[in-house]
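Numbering (our numbering), first residue to last: -1 to 227. All C-beta atoms, glycine included, are put in the ideal place defined by N, C-alpha and C.
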């Protein structure tokens, strides 16, 4: 009887850990995100090593390079051998800014205002700062600082334009996040996913970041394929 009680008690502790965290949150699929560690939840649900009873999955999770949403999008947009994004890709800039806002949301720093009776779309709803504690990521903290300082709150669409520098209002240009692609590429170099090279284009030298960790990109492409299908 005592053994049974002990087992029940231990199961209760695990279950409560899956749903409640002092500095984290749980999504509808039960994936816990530790905001203090600065990691977004893993799509495949492998980020929770403590609550995963499969040792094989735990080993794979330890070996897998953890990337932010912005880093994942940049990695998908980069040409593997050349190490740069297509010159014709004019969506990557605003896309990366949108990923920054989404990453802040995943880490519990910002949230959207309530939809209300009018049921406005996501881009039209205002972005509210929920927690201004630093994330530990320089790019995210810079964006969070801008969001915190700006009053009154602005819609998501406006913030994507401000952070991209695509605004006609000169007073809003100070909110632009500069050199985002290069800063993210350096992060990926530090994580061993990319490397840095100098290439000559006509009369100019250009810094490129070719892919070195093919497995990291293969995992990412597979993850996107699973989500889409």
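Under the DSSP assignment, residue 85 falls outside any alpha helix (DSSP H); it carries neither an H nor an E label. Taking the Cα positions, residue 122 is about 27 angstroms away from residue 135. Residue burial is scored here from C-beta neighbours: residue 96 has at least 16 other C-beta atoms within 10 angstroms and is therefore classed as buried.
Straight across, the Cα-Cα distance linking residue 218 with residue 210 is about 14 angstroms. Per the coordinates, the alpha-carbon of residue 129 lies some 45 angstroms from the alpha-carbon of residue 198. Excluding the 5 residues flanking it on each side, residue 206 has same chain C-beta neighbours closer than 8 angstroms at 80, 81, 82, 194, 195, 196, 197, in chain order. Cβ atoms of residue 137 and residue 186 stay farther apart than 8 angstroms, at about 13 angstroms.
Residue 155 and residue 189 have their C-alpha atoms roughly 31 angstroms apart.
Assigned with DSSP and collapsed to three states, residue 125 falls in strand. Cβ neighbours of residue 181 within its own chain (closer than 7 angstroms, five residues either side excluded): 137. Burial of residue 214 is indicated by the presence of at least 16 other C-beta atoms within 10 angstroms of its C-beta.
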